[in-house]
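Remarks on the structure that follows.
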């Protein structure tokens, strides 16, 4: 299991657009992804779940990755946040 | 409706005027049937029906996407991606399937319940952006239900010319597929300003008024309607004189809009040199207008407004909200926040600063900030905290010596450290630039350029300090002249040194919008003009109709002239 932590930049929280891209990214891997904010955890395959977490700019979120290709998946997630952080 | 000249007020979200015939879209709401399933077979059948409806919805979204015309902004196409993701959302499917399997509801009822729950979650969020997402959920829910029930889309009816659509709300996908050949205006009884429908309508230049209330839905098909999206009003069955008046308003608006639009996106000279046009603003509320005029960001965000007309200093939270609200509206374009420029002619009574003999040569702007760390630090922290909400840059006014920059940087680092200790987010790479408005700074531009990320030339002060002319003094106002060769040499030096040290140079003083000066400045190498929003199209117009080659010739010629009278008459001649 790999846990990654990110600070959300966009004031509106995780924007619908990067959330869409994030979900599509996870579909490339066999690992399971979940998203945790405070004490709430949701699976990272649902737009509804991601948006309803209500993560706002300045909030810290955790992404939990678990599965046979978790190392590659974690790299891809890092890459994704590096490129998209400004919009998230 | 038989009322004549009935005026309904709402909120204009897409400007312009249109006159046409009403077409009322009544939403046919899918109703809960209350049917309970009684066999495994029917459960299986309902799940399959749901999956099928989802697939048809996805196909339809794909179709809308591929048919979308080019006038639609990219963001709006992107929302279709979001819709398609929401339509196939595994959580929604899981909840629907559970309702079918466990609660024995049919697909129709299950979808309605799941969608309504999701809508409630978004509606109750304490955030306008998230609340507006409930429209997206509603939209995809309606689409799935439509396919579940095989009902035809009410909006596919053939519309007549000059149709004004009236509805409770316009869903994003209806807005995207709007038949703009026929729809010339939209009014809704509900609706949020940030909705995609408003964005799309603006891109298509269709006037829109939202939030008209229930009264709107009493209008009948074929009533004559005027939609005034600039004023935010709907007029039902107008009399002839009112129609005539609005026709004039409509045509005036259209002419102006065409002119502005023709200038909006391109700001390059005829030989392709890109030049950025920025707006000078005093509050986040000015941003919408700035973008309408084609601003590519903000070159000067004055913060004095926050400090004037009150009895004590604004605290960090209040300042943070002020900068944040501007950042939120800044579309991620550069937003250059100038730290307080008080003193001089801008006095703040509650600070009780002593009266000075020469306030313009006295305790003002950065000099106050470096002396009163409490004031400066509060402002820096508030700006830093807002910096995660947009592309904020910090600009220091009235820099005269390099030590001031170094001291300010120390304060900035200190502010960052304090925020980090409190675990508060900010952009740690925030850019720091300075105003060049004091001759000593202009002369030592080569030194200062090594310390900062950008320069912005303030011509008003630069001119009065260089020429020793009080620009408020009527008796000597003739001497106040930005075309004086001394001022031009200083400006030229700043631009040259900026280029030599690879930092961008822009100008935010009045000279930047002076038609006489624009080409000469471009010839010097100025690539950023920050002016009042309404001036943007005019500056742009000059730049677009000339080549950088010509601008350079003008500049070279001007630099050989020895007085401003000759320079002015030469410029007048050459820009005709």
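Protein chains in written order, with my numbering: chain A, 2 to 89; chain B, 21 to 596.
Think of the CB as a built atom: it goes at the ideal place given N, C-alpha and C, for glycine as much as any other residue.
For clarity, every value in this text was computed on a predicted model and none was experimentally measured.
The alpha helix (DSSP H) with residue 73(A) in it runs from where to where?
71-85
Can you grab the Cα-Cα spacing for the pair residue 563(B) / residue 326(B), in whole Å?
34 Å
Which of the three DSSP states, helix, strand or coil, is assigned to residue 116(B)?
helix
What is the rounded straight-line gap between the Cα of residue 278(B) and the Cα of residue 268(B)?
15 Å
Per-residue DSSP class, three states only, for residue 42(A):
strand
May I ask you to list, following chain order, the residues of the segment 106-124 of chain B that have a beta carbon less than 7 Å from some beta carbon of chain A?
106, 109, 110, 111, 112
Residue span of the alpha helix (DSSP H) that contains residue 458(B), given as start and end
Note, residue 458(B): premise wrong, no alpha helix (DSSP H); not H, not E.
Check the Cβ-Cβ distances between residue 35(A) and every residue of chain B, and say whether any is below 8 Å.
no
Expressed to the nearest angstrom, what Euclidean distance is found between the alpha-carbon atoms of residue 553(B) and residue 251(B)?
20 Å
Between the segment 517-532 of chain B and the segment 471-486 of chain B, do three or more beta carbon pairs fall short of 8 Å?
yes
Residue span of the alpha helix (DSSP H) that contains residue 387(B), given as start and end:
386-391
Between the segment 225-240 of chain B and the segment 23-42 of chain B, can you find at least three pairs of beta-carbon atoms closer than 8 Å?
yes
Residues of chain A with a CB under 7 Å from the CB of residue 70(B): which are they?
The premise fails here: residue 70(B) is roughly 16 Å from chain A at the closest Cβ pair, so nothing lies under 7 Å.
Every unbroken alpha helix (DSSP H) inside the segment 141-166 of chain B [4 residues or more]
none
When you compare the CB positions of residue 426(B) and residue 471(B), do they come within less than 8 Å of one another, or not?
yes
For the segment 59-79 of chain A, which residues have a beta carbon sitting closer than 9 Å to at least one beta carbon of chain B?
59, 60, 61
Here's a check: name, in chain order, each residue in its chain whose Cβ is nearer than 8 Å to the Cβ of residue 69(A), leaving out the five neighbours to either side.
31, 32
Beta carbon proximity, residue 356(B) to chain A, threshold 8 Å:
no
With the cut-off set at 8 Å, would you say residue 55(B) and residue 169(B) are in Cβ contact?
no
Is it a yes or a no for the segment 337-351 of chain B touching the segment 407-414 of chain B, going by three-plus beta-carbon pairs under 8 Å?
yes
Assigned secondary structure, residue 34(B) (DSSP; H/G/I helix, E/B strand, else coil)
strand
Just checking my contact of residue 336(B) with residue 402(B) at CB under 8 Å: how many whole Å lie between their CB atoms?
5 Å
On the three-state DSSP scale, how would you describe residue 336(B)?
helix
Complete runs of the beta strand (DSSP E) confined to the segment 237-262 of chain B [at least 3 residues]
244-248, 253-256
Please tell me whether residue 145(B) has its Cβ less than 8 Å away from any Cβ of chain A.
yes
8 Å CB neighbourhood of residue 27(A) in its chain, flanking five on each side removed:
34, 45, 46, 74
Cα-Cα separation between residue 173(B) and residue 293(B), rounded to whole angstroms
In this prediction, residue 173(B) has a pLDDT of 49, which is less than 50 and means its spatial position is unreliable; what the coordinates show is noted afterwards. If I take the Cα positions, the gap works out to 49 Å.
Determine the DSSP secondary structure at residue 580(B), reduced to helix, strand or coil.
coil
Determine the burial state of residue 331(B): buried for a count of at least 16 other Cβ atoms within 10 Å of its Cβ, exposed for fewer.
exposed
By Cβ distance, which residues of its chain are closer than 8 Å to residue 513(B), with the 5 residues on each side in sequence left out?
462, 463, 465
Any beta-carbon of chain A closer than 8 Å to the one on residue 150(B)?
yes
Give the residues of chain B in contact with residue 27(A), contact being defined as C-beta atoms less than 8 Å apart.
By Cβ distance, chain B contributes nothing, its closest Cβ being about 11 Å from residue 27(A), past 8 Å.
Validate contact between the segment 537-545 of chain B and the segment 568-580 of chain B using beta carbons, cut 8 Å, 3 pairs:
yes
Got a sec? Which residues, its chain only, sit under 8 Å from residue 395(B) by beta carbon, not counting five neighbours each side?
333, 360, 388, 389
Which residues, in chain order, does the segment 53-77 of chain B contribute to contact with chain A at a C-beta distance below 9 Å?
none
So does the segment 131-148 of chain B actually touch the segment 111-122 of chain B, counting three or more Cβ pairs closer than 8 Å?
yes
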